[in-house]
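Numbering (full-length UniProt numbering), first residue to last: 1 to 297. All C-beta atoms in this analysis are idealised placements derived from N, C-alpha and C, irrespective of residue type, glycine included. Presented below is the structure to which this report refers.
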Ligand code: KPL
């Protein structure tokens with residue numbers, strides 16, 4: 001297939017290399033002005049990718065957006081004029097709500113939502129480390145997206161395990177819950193994910209998860225406090241050595257994804273008239289820091 005990866009950060013670069021190695025024509029679209037970008041995975045020989053090539057973009061059968069949630073709107077709308085309506089658009093990022101915002105612009109295309117537990121790290125622009133094996137789930141955002149189940153084979157062949165989830169919203173909400181529990185706390189405290197296993201975080205984590213359970217149940221998602229708490233605990237253990245994406249963004253004083261993580265939870269809670277004071281407080285604390293950096297610029 002002809003595939004373009006938009007936003008080759010750690011996860012995007014990992015997919016780019018794996019898809020190229022699986023025999024696909026893969027190109028990149030990024031903020032860098034270089035026409036070629038060399039990427040090397042886990043110390044292997046570098047592979048050259050063309051970057052920001054309009055002909056390759058226009059010939060894409062599949063465009064995978066691995067930009068941050070807050071970049072989805074700008075990144076996708078600017079590229080749509082170059083794409084055929086049968087080009088499949090796939091979105092893979094933390095948080096929820098970003099794709100809903102652009103639904104009317106993209107609905108002519110088959111659209112796929114994805115979530116992954118693959119872990120990758122990019123120490124610099126050219127090197128990628130695959131730091132944890134995980135699973136990727138795909139699901140349809142719209143009706144034509146439902147005809148794209150064949151993508152499971154394409155992607156699984158390149159970077160297993162990939163599966164189709166007819167209830168992708170449930171998987172996205174579960175990942176959102178994990179991010180609501182881990183990201184703001186690790187960002188504000190500047191600690192690794194594993195530090196949240198300390199007893200001193202038990203109370204706050206339990207309150208975050210209680211609020212999440214209420215909102216998810218109001219949305220019709222089948223889940224219980226115990227199940228969510230077990231998932232959060234499992235991810236804290238499995239990613240104990242990780243610096244969460246929000247910890248890194250806050251360390252480098254970059255814009256975070258909090259609007260699409262805790263912010264999305266708060267918006268949904270409001271619609272269902274559910275109080276989420278603990279998540280609200282964490283949201284306000286992260287936003288306060290973001291606003292402070294903006295004022296410094
Ligand atoms: O998705 C993550 C993130 O850092 O954004 C988790 C699952 C918390 C792993 O670090």
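| query | result |
| --- | --- |
| Contacts around residue 189, its chain only, beta-carbon distance under 8 Å, and the 5 residues preceding and following it disregarded | 195 |
| Option nearest residue 108 by Cα separation, candidates 89, 210, 67, 31 | 89 |
| Residues bridged to residue 203 (per DSSP) | The partner list for residue 203 (beta bridge, DSSP) is empty, contrary to what the question assumes. |
| Local Cβ density within 10 Å of residue 293, reported as buried at 16 or more and exposed below that | exposed |
| Beta-carbon spacing of residue 168, residue 244 below 7 Å | no |
| Residue 279 and residue 208 closer than 7 Å at C-beta | yes |
| Bridge partners - residue 90, DSSP secondary structure assignment | 64, 112 |
| For residue 122, the first and last residue of its enclosing beta strand (DSSP E) | 119–124 |
| Beta-carbon proximity of residue 11 to residue 66, cut-off 7 Å | yes |
| Pocket of the ligand PLP defined by Cβ to heavy atom distance under 6 Å | Ligands displayed in this structure: the ligand KPL; the ligand PLP is not among them. |
| Other residues of its chain near residue 177: CB distance less than 6 Å, five sequence neighbours each side excluded | 212, 228 |
| Residue 179 vs residue 274 beta-carbon contact at 7 Å | no |
| Assumed close pair residue 165, residue 171 - CB separation to whole angstroms, cut-off 8 Å | 5 Å |
| Backbone secondary structure at residue 251 - three-state DSSP | helix |
| Span separating the alpha-carbon of residue 129 from that of residue 114 | 21 Å |
| Opening and closing residue of the alpha helix (DSSP H) in which residue 269 lies | 262–271 |
| Sheet register partners of residue 132 (DSSP bridge) | 119 |
| In DSSP terms, what residue 33 is bridged to | DSSP lists no partner for residue 33. |
| DSSP-derived helix/strand/coil call for residue 38 | strand |
| Extent of the continuous alpha helix (DSSP H) to which residue 49 belongs | That residue, residue 49, is in no alpha helix (DSSP H); its beta strand (DSSP E) goes 47–50. |
| Where residue 139 falls: helix, strand or coil (DSSP) | strand |
| Rounded C-alpha distance that separates residue 136 from residue 110 | 18 Å |
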